[in-house]
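Enquirer: Let me begin by handing over the structure; questions about it come next.
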Amino acid sequence: MRVSVVTNHAVVDRTQTQHWLDPRHDLVIEQPPTLDGTSHRFELADGPFSHWQRVVRVEPSSNSVDFVDVYEEIRFRLAVPVGRALFLMPLRRELRRPPDPQRRTPWWAPPDVLSPRAATVLSLLCVFGLVAGYLGTLITQTLTYAAEEFGASTGDQGTLLAGVRVGVLLSMLIVATADRRGRRSVLAVALLAACAITSLGAFAPGMIWLGATQTFARAFATVIGLLVAIIAVEEMPAGARAFAVSVLTMTAGLGAGLCVINLVYVDLAVWAWRIAYLVPLLFMIPSWRLLRQLPETFRFTKRLEADRAAELAARESERTSQSRPGTTEPDQRLNRHIDRHIDRRRFALLAASGFLWALFLAPAAQFLNEFLRTERGFSGIGIAVFVLATNTPGVIGIVLGGRLADRRGRRLVGAIGIAGGVTFTVVSYLSWGWPLWAASVVASVIGAIAIPALAVYGPELFPTNQRARANGRLQVVGVAGSSIGLLSAGWLADRLGGLGPAIAALAIGPAILIVIVLTLYPETANRHLEELNPADVNVTDPSGFSGPQ
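Each residue of the sequence shown is one higher than the one before, starting from 28 at the first, in my numbering.
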């Protein structure tokens, strides 16, 4: 990979030269300088770079004895295998600015410095998140057109969507194996299986085939989403976990946006929606190549080593106890590292939250296309324009929510996002014309603030050897809420005269959730995972190895 170069020249007061000669601690953490003649050479201590070198040379100014000429050359290579070009322009602009000890990191950078490994992992996870975003929204965007070809009713659509969610039981079993076999290997299987099975939907002769293939495909897509979040939380520093989730949310949204683009051509033929189900085949080879660059997480590796050591020690203790007269019980303390009982209080807290949120979110999202097409008269192109135009501004909320959640805390940010997002979503479902568009934009921006603030709780509140299993079970509860929400929305829509009143009635779920978040949720911002999960102390504690903190 090519090394990028940024050169700066400034004429500064002699008293201000020390700012240029101090190690940086903003986007990058530099080692103390080494002198090379008249130059100060700074090397990388930590930061999202595979190569970093800054050389500063100070020379007397020819114009005044009170000023000096400062020459700075920065040579760097980002540790970002995918999407590097997106960061080069803002990074170059930032590196051309004169040093300022009081300056904060730019809005687009993580609040905490990422290591080269963390930057690489996050970049790869963004690609996998994009694939999951496409697969996760595919049935939502195309179902109304498939139903038109198959002659299915709104009730049939609700039944199919609820049935597809049964696949979450399979996803729970699959993702649980990641606590034993590792995150990376299970993620690889899920990626390839999800893409392959999704493509079978292109040949569906009816709703049953489509529902069956989507049941399995969505199960694997759910596994992708869960493992991407778990890997991110395990690899990122304590002050950048919500930031990482916000970035992954944006890339998943990009994948969903790519899926929405399919709506541009679905009106051309009654079968045109089938093309969208073949697109995931294009993801398989690039995903496989990138998976080879993804390492197993530090925390899982250390936890696995500790569990194996504990098991060996327990067996040795048992053999010793059997050989000693009068000793019948092995030392049970040796098994403390392999306790796999999930914390019931934490699980109940997050399960109730996921259920209440999904009760509203699932029907609000899944029935949007049906609402726009049948109740507001939108065409396929019109729906695509509406979804892209109203959802894209949500990027603002995601970025803002990620930074605020890491800097100010999760709970208040999450509660504000839920309240604003739900309120304006209900308003949009009860509106026509420009108020519909305006309310949808506001709902997208404010609601997105809650995503990075609350999505990190699932991976954060469980120890490494329970993290995948617990989050898989939480997903089951959330899908139960989704299914009940979908069935309730369809039932209420038939009796209340439309989807708008039905969505408004289901807003009671998020209202209760806000109270739970503000009163019962722990604050996890800027706390190490080992602090939140004492079972991992001295096992995956990052102070004991060169890994993420």
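The C-beta atom is built at its ideal place from N, Cα and C for all residues, glycine as well.
Leaving aside the five residues before and after Val33 along the sequence, list all residues of the same chain whose C-beta is less than 7 Å from its C-beta, in chain order.
Expert: Once the five neighbours on either side are set aside, the close Cβ partners of Val33 are Ile101, Arg119, Leu122 and Arg123.
Enquirer: Select from Ser510, Ile535, His555 and Glu261 the residue whose C-alpha is nearest the C-alpha of Gly182.
Expert: Residue Ser510 is the option with its Cα nearest to Gly182.
Enquirer: I'd like to check one pair, Pro50 with Phe69: are the Cβ atoms closer than 8 Å?
Expert: Yes; because the gap between Cβ atoms is below 8 Å, this pair is in contact.
Enquirer: Could you round the C-beta distance between Thr171 and Arg400 to whole angstroms and report it? I think they count as a contact, below 8 Å.
Expert: Contact flag correct, Cβ pair sits at about 6 Å.
Enquirer: Going along the chain, which residues of its own chain have a beta-carbon closer than 6 Å to the beta-carbon of Ala244, five neighbours each way excluded?
Expert: Answer for Ala244: Ala221, Ile224 and Thr225, listed in chain order.
Enquirer: Ends of the alpha helix (DSSP H) at Gln168?
Expert: Taken as a continuous stretch (DSSP letters only), the alpha helix (DSSP H) holding Gln168 covers Pro143 to Phe177.
Enquirer: Under the three-state reduction of DSSP, which class applies to Glu397: helix, strand or coil?
Expert: Note: Glu397 maps to helix in three-state DSSP.
Enquirer: With DSSP as the reference, identify every bridge partner of Tyr98, one or two as the case may be.
Expert: For Tyr98, which the question treats as bridged, DSSP gives the partners His36 and Arg84.
Enquirer: Count the other C-beta atoms from every protein chain shown that fall within 10 angstroms of the C-beta of Ala416, then say buried if there are 16 or more, exposed otherwise.
Expert: So Ala416 ends up on the exposed side.
Enquirer: From the DSSP output, in three-state form, read off Arg123 for me.
Expert: Here Arg123 sits in coil by DSSP.
Enquirer: Three-state secondary structure (DSSP) at Thr276?
Expert: Correct three-state label for Thr276: helix.
Enquirer: With DSSP collapsed to three states, give me the class of Thr204.
Expert: Three-state DSSP puts Thr204 in coil, outside helix and strand.
Enquirer: Does the beta-carbon of Val260 have 16 or more other beta-carbons within 10 angstroms, so that it is buried, or is it exposed?
Expert: Flag for Val260 reads buried.
Enquirer: Tell me whether the beta-carbon of Ile410 lies closer than 8 Å to the beta-carbon of Gly444.
Expert: Result no, Cβ atoms of Ile410 and Gly444 do not sit closer than 8 Å.
Enquirer: Opposite His67 in the DSSP bridges: which residues?
Expert: Paired residues: Leu62 and Val83.
Enquirer: Using 8 Å as the threshold, is the C-beta distance between Tyr456 and Gly508 below it?
Expert: No, they are not a contact pair.
Enquirer: Given that a residue counts as buried once 16 or more other Cβ atoms are within 10 Å of its Cβ, and exposed if not, what is Asp334?
Expert: Under this definition Asp334 is a buried residue.
Enquirer: Have a look at the DSSP bridge pairing and note the partners of Ser515.
Expert: For Ser515, which the question treats as bridged, DSSP gives no partner whatsoever.
Enquirer: Going by the CB atoms, is the gap between Ala231 and Thr240 shorter than 8 Å?
Expert: Yes.
Enquirer: With burial defined as no fewer than 16 other Cβ atoms inside 10 Å of the residue's Cβ, what is the status of Asp521: buried or exposed?
Expert: Exposed: under 16 other Cβ atoms inside 10 Å.
Enquirer: Are Arg211 and Leu321 touching if we call contact CB-CB under 8 Å?
Expert: Taking 8 Å as the Cβ cut-off, Arg211 and Leu321 qualify as a contacting pair.
Enquirer: Which whole-angstrom value describes the C-beta separation of Leu395 and Leu533, a residue pair presumed to lie in contact below a C-beta threshold of 8 Å?
Expert: 14 Å between Cβ atoms; not a contact.
Enquirer: Excluding the 5 residues preceding and the 5 following Asp206 in the sequence, name in chain order all residues of the same chain whose CB lies nearer than 6 Å to its CB.
Expert: Around Asp206: Asn492, Ala495 and Arg496.
Enquirer: When the Cα of Gly178 is compared with those of Asn35, Leu519, Arg131 and Trp298, which residue comes out closest?
Expert: Per the Cα distances, Trp298.
Enquirer: When DSSP labels each residue in this structure, what does His78 get in the three-state scheme?
Expert: Looking at His78 - three-state DSSP - the assignment turns out to be strand.
Enquirer: If we count the other Cβ atoms within 10 Å of its Cβ and call it buried at 16 or more, is Met116 buried or exposed?
Expert: Label assigned to Met116: exposed.
Enquirer: Below 8 Å, how does it come out for the stretch 445–453 and the stretch 283–299: are there three or more Cβ pairs, yes or no?
Expert: In short, these stretches do not touch, since the Cβ pair count stays below three.
Enquirer: Cα separation between Tyr292 and Arg268?
Expert: Answer to the nearest angstrom: the Cα atoms are 38 Å apart.
Enquirer: Have a look at Gly441, Gly505 and Val468 and flag the residue whose alpha-carbon is nearest the alpha-carbon of Val542.
Expert: The shortest Cα separation from Val542 among Gly441, Gly505 and Val468 belongs to Gly441.
Enquirer: Could you pull out every residue in the same chain whose Cβ sits closer than 8 Å to the Cβ of His36, ignoring the five residues on either side in sequence?
Expert: These residues qualify, in order along the chain: Asp96, Val97, Tyr98 and Glu99.
Enquirer: Going straight from the alpha carbon of Ala174 to that of Leu237, what length do you get?
Expert: So the two alpha carbons sit approximately 10 Å from each other.
Enquirer: What residue does the alpha helix (DSSP H) around Asp433 start on, and which one ends it?
Expert: Its alpha helix (DSSP H) spans residues Gly421 to Arg434.
Enquirer: Among the candidates Leu151, Pro125 and Leu105, whose CA atom is the shortest distance from the CA of Gln80?
Expert: The candidate whose alpha carbon is nearest that of Gln80 is Leu105.
Enquirer: Taking all protein chains shown into account, decide if Glu86 is buried (16 or more other Cβ within 10 angstroms of its Cβ) or exposed.
Expert: Glu86 is exposed by the Cβ-count criterion.
Enquirer: At a cut of 8 Å, does the stretch 301–313 reach the stretch 461–478 through at least three beta carbon pairs?
Expert: Flag = no, the stretch 301–313 and the stretch 461–478 do not touch.
Enquirer: Distance check for Gly524 and Phe405, CA to CA, integer angstroms please.
Expert: Roughly 19 Å separates the two Cα atoms.
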